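What follows is a short report on a single structure.
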Amino acid sequence: MLKFLLYWVTFHTLGRLPLSFLYALMSTTAWAAYHLVPTVRRNIHENMRHVMPDAPEAEVRRAAKQVLRNVALYYADVAHLPRMDLRAFFEKRFVFHGLDEYLRPAIAEGKGVITLSAHYGNPELAMQAFAHLGIPVFALTERVHPRMSKLMDEYRASKGHTFGPVTRGNVKRVFQTLKRGGVVALMGDRDIEGPREAMLFFGKTALMPTGPIEVAIRTGAPVIPCFSARRGKYGIEGWVEEPLMLRRTGDTHADVVAGTREYIERLERRLREDPGQWAVIERIWDAQPSSAAENAAEVAEKIQ
0 MLKFLLYWVT
10 FHTLGRLPLS
20 FLYALMSTTA
30 WAAYHLVPTV
40 RRNIHENMRH
50 VMPDAPEAEV
60 RRAAKQVLRN
70 VALYYADVAH
80 LPRMDLRAFF
90 EKRFVFHGLD
100 EYLRPAIAEG
110 KGVITLSAHY
120 GNPELAMQAF
130 AHLGIPVFAL
140 TERVHPRMSK
150 LMDEYRASKG
160 HTFGPVTRGN
170 VKRVFQTLKR
180 GGVVALMGDR
190 DIEGPREAML
200 FFGKTALMPT
210 GPIEVAIRTG
220 APVIPCFSAR
230 RGKYGIEGWV
240 EEPLMLRRTG
250 DTHADVVAGT
260 REYIERLERR
270 LREDPGQWAV
280 IERIWDAQPS
290 SAAENAAEVA
300 EKIQ
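Okay, here's the thing in structure tokens:
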């Protein structure tokens, strides 16, 4: 209860700060975390060495610091969401590619749409642009402490979308949303909970989530990869990509693995372009990685 109250006060306080000051504060926090939390630093370095195996150590360190900064700015963005001017964000801070080419036609088919993203840039902030355009989204989020999940999801949903942790009821809601022709947002770069498969990711085996592709195979919904990246001081650039070419041969497992492999290839391409955008602080190439919530808690305790 005490930890939840601390988070509640922190979020409510941070959300009232000017964005310029908030970003500066959280960037400083990220710098401190990099130097004070060796476990998280090692995790990020390990990930970066897989993504950029031929890079010199100085470049790996630079990318790792950027990762932590992006993680810190992610929490700044969530705290600031309730006070964010959505129209101003869409017109002044945000650039989107592929919306009319891929997302709108897929929605028009009426089968529902799965947007499959990653912890790259800030997908939740980029997704807020859909609300401005009148495209409501239901997004599954990582399940942490019930009160913390509720607090985070209330902030995330402040501009009109719906967010909920991975529970049996919310998984059922995913299918209901797709059946109605709605849009569901899922993440595909980290094994959090649910179906998974050991697959090659940058040439090494990692447990990768297969649930999003399994849902698509079962429902007939298209899967559209969506990615975002930070640009400049406050900007976000987003990409809606061409739908995955999913196979539906009757061999569900083989079809799910093939679809997940295609998504991984899209993700690898983005990560190679700008590794520091990958806001992940747990080891990916680890059979039993620590949860993001555990790592975030360790960071918070070290810098208090």
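In this text, residue positions in the sequence shown follow numbering that gives the first Met the number 0: the first is 0, and each later residue adds one.
Even for Gly, the Cβ is constructed at its ideal location relative to N, Cα and C.
Remember, it's a predicted structure, so these values are computed and weren't measured experimentally.
Alpha carbon of residue i to alpha carbon of residue j, nearest angstrom
{"i": "Val-255", "j": "Leu-206", "result": "14 Å"}
{"i": "Thr-251", "j": "Phe-20", "result": "50 Å"}
{"i": "Asp-190", "j": "Glu-56", "result": "27 Å"}
{"i": "Gly-219", "j": "His-160", "result": "23 Å"}
{"i": "Leu-308", "j": "Trp-7", "result": "Because the chain is modelled from 0 through 303, residue 308 falls outside the range shown and cannot be assessed."}
{"i": "Val-66", "j": "Arg-86", "result": "28 Å"}
{"i": "Ala-296", "j": "Ala-107", "result": "Legend: pLDDT at Ala-296 = 45, less than 50; position of this residue unreliable, no value from coordinates given."}
{"i": "Ser-116", "j": "Val-239", "result": "10 Å"}
{"i": "Asp-285", "j": "Arg-41", "result": "13 Å"}
{"i": "Thr-166", "j": "Thr-209", "result": "16 Å"}
{"i": "Pro-211", "j": "Leu-185", "result": "7 Å"}
{"i": "Ala-63", "j": "Lys-178", "result": "41 Å"}
{"i": "Leu-266", "j": "Gln-175", "result": "27 Å"}
{"i": "Ala-278", "j": "Gly-120", "result": "7 Å"}
{"i": "Thr-9", "j": "Leu-16", "result": "11 Å"}
{"i": "Pro-262", "j": "Asp-188", "result": "In the sequence as displayed, the identity of residue 262 is Tyr instead of Pro. Distance between the alpha carbons of Tyr-262 and Asp-188: 9 Å."}
{"i": "Gln-127", "j": "Val-214", "result": "23 Å"}
{"i": "Gly-275", "j": "Gly-14", "result": "25 Å"}
{"i": "Arg-260", "j": "Leu-35", "result": "36 Å"}
{"i": "Leu-72", "j": "Tyr-233", "result": "10 Å"}
{"i": "Ile-113", "j": "Pro-242", "result": "9 Å"}
{"i": "Arg-247", "j": "Thr-38", "result": "42 Å"}
{"i": "Gly-52", "j": "Pro-81", "result": "Looking at the sequence shown, residue 52 is not Gly but Pro. Those two C-alpha atoms are separated by around 40 Å."}
Residue i, enclosing beta strand (DSSP E) - first and last residue
{"i": "Trp-30", "result": "Careful: Trp-30 lies outside any beta strand (DSSP E), inside the alpha helix (DSSP H) at 18 to 35."}
{"i": "Phe-307", "result": "Nothing about residue 307 can be reported from this structure: the residues present for the chain run from 0 to 303 only."}
{"i": "Leu-206", "result": "203 to 208"}
{"i": "Val-112", "result": "112 to 116"}
{"i": "Leu-139", "result": "136 to 140"}
{"i": "Pro-164", "result": "161 to 164"}
Range of the contiguous alpha helix (DSSP H) that encloses residue i
{"i": "Ser-148", "result": "145 to 155"}
{"i": "Met-126", "result": "122 to 131"}
{"i": "Glu-272", "result": "251 to 272"}
{"i": "Gly-168", "result": "167 to 178"}
{"i": "Ala-62", "result": "56 to 79"}
{"i": "Ala-107", "result": "103 to 107"}
Residues bridged to residue i (per DSSP)
{"i": "His-96", "result": "Trp-238"}
{"i": "Pro-224", "result": "Leu-115"}
{"i": "Leu-185", "result": "Leu-115"}
{"i": "Gly-230", "result": "The sequence shown places Arg at residue 230, rather than the Gly named in the question. DSSP, once it has assigned bridges, lists Gly-234 as partnering Arg-230."}
{"i": "Trp-284", "result": "For Trp-284, which the question treats as bridged, DSSP gives no partner whatsoever."}
{"i": "Trp-277", "result": "Tyr-119"}
Residue i: CB within 6 Å of a non-hydrogen atom of the ligand ADP
{"i": "Leu-18", "result": "Among the components modelled here there is no ligand, and therefore nothing to report on the ligand ADP."}
### Message
Does the stretch 97 to 110 come into contact with the stretch 45 to 64, if we say contact requires no fewer than three beta-carbon pairs (one atom in each stretch) closer than 8 Å?
### Response
no
### Query
Do the stretch 150 to 164 and the stretch 192 to 200 touch if we need at least three Cβ pairs shorter than 8 Å?
no
### Query
Is the number of C-beta pairs between the stretch 67 to 76 and the stretch 141 to 148 that are closer than 8 Å three or more?
Contact between the stretch 67 to 76 and the stretch 141 to 148 is absent, because fewer than three Cβ pairs lie under 8 Å.
### Query
Quick one: any contact between the stretch 21 to 38 and the stretch 89 to 96, if contact means 3 or more CB pairs under 8 Å?
no
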